[in-house]
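A.B. asks: One structure coming up, written as structure tokens, with questions to follow.
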RNA sequence: GCGCCUGUAGCUCAGUAGGAUAGAGCGCCGGAUUCCUAAUCCGGAGGUCGCAGGUUCGAAUCCUGCCAGGCGUACCA
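In our numbering, the protein residues as written are 120 to 791.
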């Protein structure tokens, strides 16, 4: 999929090795991880090593003097042009520009050795009882970006979207249809046929809490419905199934709008029906990880003790795993699911095709019974697949697992991890990562704009939580619609001669880019206080800004009848640099060098589990290119050697920037 | 109460391996378009990095305490 160079120049590796050896030789100190950084200004060099400061302490010598001793070792490294000792003792390295680029463009064999271990990323996980909202978009955008970066770095990734079809949220909508709306299963089918069932459920779900509030006795309805759904009985079971499946298909369609896709949908009901839970339950009891509470507030429940070891167990540290009526909490079911994902549960799902994307990729679904119709993207029914299709890929058994789940569930995730550690091992626990992120909230002002009531107390808060239960939120499709409308107007302003179809397609690309960038540009652990004007901005730090830079570069390449796909290394590159003044050469080089840093940046994203780094990188790169674009006229440059160099900059930028955008799911339109 | 997160320019945020003069976008002021798209670029103003100690050659970054805000601490997820 991605064929551009993934690895940072080998020069960097040689530099670190040479430095490590020289430190060992001169000071007898073994430093395995040589710290490498970027100087604050590109004119100071391409790579900086502050190692002399560490040595100063050990060797009791001035850092500058140490740096001077170490400099020759770096100077003799192949591909290095110059080494400066700067500041109080930095070793600043200038690479040989022409050979660095040549090295970067050289075809590589067997780059990034493929590992056979699989990484499973679980994301989206929307309760299948109402339309997706902006918080779900953040989850999906973060998860999908991480998936793309993992794949770019050569990892084998499986994407799972867990469907909690036996939870309280689905039960509430079932209660809504049966007891508020008084609808039969067939009547609900008729409503589904009218369309936008996810929106219908959004509104209905918001009414259910009021229904319970009027008469607390009605909460019994929820309890009984939950049990019926788990057992698949009564009118509740089939109705819950119908609602969940219909809503899941809406969610897939919504996510496809932002180019987010899945490999497998594991259904919670299958965890129960295929006895995954039963098996985990046995194991938990065997290992004495849970016990039956015989007194206190949790009497009759199977609970896990969370208190620190050695201390007197207290009731506060009891976590209910199995409720007194025998139903299982989310934590219990998730322990079973986690164990399966890690390849540690001796139980297997059956699979069937659930949905096929236009390019043929299939989303599979777990199943425990019967058949389910599979639909293609245009909504037609393609086939019915028998239970346990034999051509299903092999799912599960991940070496590493990432669970993209919001930070409010950190406590629950921790309990799940404890369960895994107790059932398997500490090392099994460490293979599972809670990829946590903060919520998307609404500012009180935005709430009022959207027509939601805001109490006096709420008005004082910096932001208000989105609440599906109260119907307070921005639906994903509404936001995408608003973005498309605005993008369409902007496109029309600039390209009035275009056909409506062309304008629409470009507007969609801009809307998607804008949304996806907005969702990853903030670091994960920051609450996004959603503001419409901010989200709809197409200037500056925004998706369209990044897209615009790519479009500009593409336009130049088009005009010069070339592309960034096959870049040939211009033999005259070294001379081209010499025809320039230092300032010009530095400016041009800094765009090239930055572009070539993409590979290193993706490694940072994986190491830190923070996609925002990629967003920031792409913004900085686009800014550099836009500056370059204004300063140099590329296509009309009369000096041939210089023109070749400028063209190379555009090619390098275009290839790398486009890849960075692809990694975030941001498309690049032909024009905009 | 306890746990986790946050506090950086008027606003929204980067600064995730302890490094050099703390950056970006928006907003504000002033400029740039006979030439590859002005969704752009250039310049300017704007900072007690919440407060106080500590560690270090060096702290927005690490440690301690405090202040402010958010989230969690359910037989919801």
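Where a beta carbon is used, it is the ideal one built from N, C-alpha and C, also for glycine.
1) So what does residue 155 bridge to, in DSSP terms?
2) Apart from the five residues on each side of it in sequence, which residues of its chain come closer than 7 Å, Cβ to Cβ, to residue 356?
3) Does DSSP classify residue 591 as helix, strand or coil?
4) Determine the closest residue to residue 716 out of 740, 204, 163, 134, with distance taken between C-alpha atoms.
5) Are the Cβ atoms of residue 737 and residue 779 separated by less than 7 Å?
6) Buried or exposed: where does residue 644 fall if 16 or more other Cβ atoms within 10 Å of its Cβ makes it buried?
7) Reducing DSSP to helix, strand and coil, say where residue 634 ends up.
8) Under 7 Å, do residue 462 and residue 516 count as touching if we go by C-beta distance?
9) Comparing C-alpha positions only, which one of 203, 147, 198 sits nearest to residue 169?
10) Secondary structure at residue 197, three-state DSSP: helix, strand or coil?
11) Could you tell me which residues DSSP pairs with residue 617 in its beta bridges?
12) Could you tell me the distance, in whole angstroms, from the CA atom of residue 421 to the CA atom of residue 140?
13) Going by CA-CA distance only, name the one from 411, 415, 416 that's closest to residue 423.
14) Can you give the Cα-Cα distance for residue 534 and residue 476, rounded to whole angstroms?
15) How should residue 152 be labelled, buried or exposed, when 16 other C-beta atoms within 10 angstroms of its C-beta is the threshold for buried?
16) Use the C-beta contact count for residue 255: other C-beta atoms within 10 angstroms, 16 or more gives buried, fewer gives exposed.
17) Which residues bound the alpha helix (DSSP H) around residue 455?
18) Hey, out of 605, 540, 746, 767, whose CA is closest to residue 550's CA?
19) Decide if residue 486 is buried, meaning its Cβ has at least 16 other Cβ atoms within 10 Å, or exposed.
20) Report yes if the C-beta distance between residue 626 and residue 689 is below 7 Å; otherwise report no.
21) Between which residues of its own chain and residue 498 is the CB-CB distance below 6 Å, once the five residues before and five after are set aside?
22) Measure the beta-carbon distance from residue 744 to residue 693 and round it to whole angstroms, keeping in mind my assumption that it falls under 8 Å.
23) Mind the definition here: the segment 654–662 touches the segment 622–638 only if three or more C-beta pairs lie below 8 Å; say whether that holds.
24) From residue 209 to residue 238, what does the alpha carbon distance come to, in whole angstroms?
25) Cβ atoms of residue 750 and residue 328: under 7 Å apart, would you say?
26) Compare the beta carbon distance of residue 686 and residue 163 with 7 Å and say whether it is the shorter of the two.
27) Would you say residue 199 and residue 212 are within 7 Å of each other, going by their C-beta atoms?
28) Taking the runs of the beta strand (DSSP E) that are 3 residues or longer, which of them lie wholly in the segment 509–573?
29) Could you spell out where the beta strand (DSSP E) holding residue 698 opens and where it closes?
30) Alpha carbon to alpha carbon, what distance is there between residue 379 and residue 624?
31) What is the DSSP secondary structure of residue 711, counted as helix, strand or coil?
32) So is residue 326 buried or exposed if we call it buried at 16+ other beta carbons inside 10 Å?
33) Tell me, please, whether the segment 369–377 touches the segment 592–606 by the rule of three or more beta-carbon pairs shorter than 8 Å.
34) Where residue 156 and residue 133 are concerned, what is the direct C-alpha to C-alpha distance, given to the nearest angstrom?
35) Could you round the C-beta distance between residue 389 and residue 784 to whole angstroms and report it? I think they count as a contact, below 8 Å.
36) Counting C-beta neighbours from all protein chains within 10 Å, is the total for residue 493 16 or more, i.e. buried, or is it exposed?
C.D. replies: In short:
1) Here residue 155 corresponds to residue number 36 of the first chain, with the count starting at 1. Paired residues: none, contrary to the question.
2) Numbered from its first residue, the first chain carries residue 356 at position 237. Once the five neighbours on either side are set aside, the close Cβ partners of residue 356 are 347, 348, 350.
3) Counting from 1 along the first chain, the entry for residue 591 is found at position 472. Here residue 591 sits in strand by DSSP.
4) Taking the first residue of the first chain as position 1, residue 716 is located at position 597. When each option's Cα is compared against that of residue 716, the closest is 740.
5) On the first chain, position 618 is the one that residue 737 refers to. On the first chain, position 660 is the one that residue 779 refers to. In this structure, residue 737 lies near residue 779, with their beta-carbon atoms less than 7 Å apart.
6) Residue numbering aside, residue 644 sits at position 525 when the first chain is read from its first letter. The residue in question, residue 644, is exposed, as its Cβ has fewer than 16 Cβ neighbours within 10 Å.
7) Start at 1 with the first residue of the first chain, and residue 634 comes out as number 515. Look at residue 634 here: in three-state DSSP terms it is helix.
8) By 1-based counting over the first chain, the position of residue 462 is 343. By 1-based counting over the first chain, the position of residue 516 is 397. Cβ distance < 7 Å, so residue 462 and residue 516 count as in contact.
9) Taking the first residue of the first chain as 1, we reach residue 169 at position 50. Residue 203 is the option with its Cα nearest to residue 169.
10) For the purposes of this step, residue 197 is taken as the residue at position 78 of the first chain. Note: residue 197 maps to coil in three-state DSSP.
11) In the first chain, residue 617 corresponds to position 498, counting from 1. The partner list for residue 617 (beta bridge, DSSP) is empty, contrary to what the question assumes.
12) In the first chain, the residue the question calls residue 421 occupies position 302. In the first chain, the residue the question calls residue 140 occupies position 21. Linking residue 421 to residue 140 through their CA atoms gives a straight-line distance of about 59 Å.
13) Residue numbering aside, residue 423 sits at position 304 when the first chain is read from its first letter. Put simply, of 411, 415, 416 the residue whose alpha carbon is nearest the alpha carbon of residue 423 is 411.
14) Here residue 534 refers to the residue found at position 415 of the first chain. Here residue 476 refers to the residue found at position 357 of the first chain. The alpha-carbon atoms of residue 534 and residue 476 are separated by roughly 36 Å.
15) Taking the first residue of the first chain as 1, we reach residue 152 at position 33. By the neighbour-count rule (16 or more Cβ atoms within 10 Å), residue 152 is not buried but exposed.
16) In the first chain, residue 255 corresponds to position 136, counting from 1. So residue 255 ends up on the buried side.
17) Position 336 of the first chain, counted from the start, is the residue given in the question as residue 455. Where residue 455 is concerned, the enclosing alpha helix (DSSP H) stretches over 449–460.
18) Residue mapping note: residue 550 aligns to position 431 of the first chain, counting from 1. Distance from the Cα of residue 550 is smallest, within the candidate group 605, 540, 746, 767, for 540.
19) By one-based count along the first chain, residue 486 stands at place 367. Classification of residue 486: buried, given that the 10 Å Cβ count is 16 or more.
20) Taking the first residue of the first chain as 1, we reach residue 626 at position 507. Taking the first residue of the first chain as 1, we reach residue 689 at position 570. Cβ atoms of residue 626 and residue 689: not closer than 7 Å.
21) Taking the first residue of the first chain as 1, we reach residue 498 at position 379. With a pLDDT of 46 at residue 498, under the threshold of 50, the modelled position of this residue cannot be trusted; read the value that follows with caution. There are no such residues.
22) The count along the first chain starts at 1 and reaches residue 744 at position 625. The count along the first chain starts at 1 and reaches residue 693 at position 574. Rounded, the Cβ-Cβ distance is 23 Å, inconsistent with contact.
23) yes
24) Indexing the first chain from 1 puts residue 209 at position 90. Indexing the first chain from 1 puts residue 238 at position 119. Computed Cα separation, rounded: 39 Å.
25) By one-based count along the first chain, residue 328 stands at place 209. By one-based count along the first chain, residue 750 stands at place 631. Going by C-beta atoms, residue 328 is not nearer than 7 Å to residue 750.
26) Sequence index remark: in the first chain, residue 686 carries index 567 (1-based). Sequence index remark: in the first chain, residue 163 carries index 44 (1-based). In this structure, residue 163 does not lie closer than 7 Å to residue 686 by Cβ.
27) The sequence position of residue 199 within the first chain is 80, counting from 1. The sequence position of residue 212 within the first chain is 93, counting from 1. In this structure, residue 212 lies closer than 7 Å to residue 199 by Cβ.
28) 519–525, 551–556, 559–561
29) As a first step, residue 698 is located in the first chain; it is residue number 579 there, counting from the start. Segment: none, residue 698 is in no beta strand (DSSP E) and carries neither H nor E.
30) The residue given as residue 624 occupies position 505 in the first chain. The residue given as residue 379 occupies position 260 in the first chain. Distance between the alpha carbons of residue 624 and residue 379 is about 18 Å.
31) What you label residue 711 is simply residue 592 of the first chain in a count that begins at 1. In the displayed model, residue 711 falls within a helix according to three-state DSSP.
32) Position 207 of the first chain, counted from the first residue, corresponds to residue 326. Under this definition residue 326 is an exposed residue.
33) Result yes; three or more Cβ-Cβ pairs closer than 8 Å.
34) What you label residue 156 is simply residue 37 of the first chain in a count that begins at 1. What you label residue 133 is simply residue 14 of the first chain in a count that begins at 1. Cα to Cα, residue 156 sits roughly 15 Å from residue 133.
35) One-based indexing of the first chain puts residue 389 at position 270. One-based indexing of the first chain puts residue 784 at position 665. Not a contact, Cβ separation roughly 29 Å.
36) For the purposes of this step, residue 493 is taken as residue 374 along the first chain, with counting starting at 1. Legend: pLDDT at residue 493 = 47, less than 50; position of this residue unreliable, value from coordinates given subsequently. Classification of residue 493: buried, given that the 10 Å Cβ count is 16 or more.
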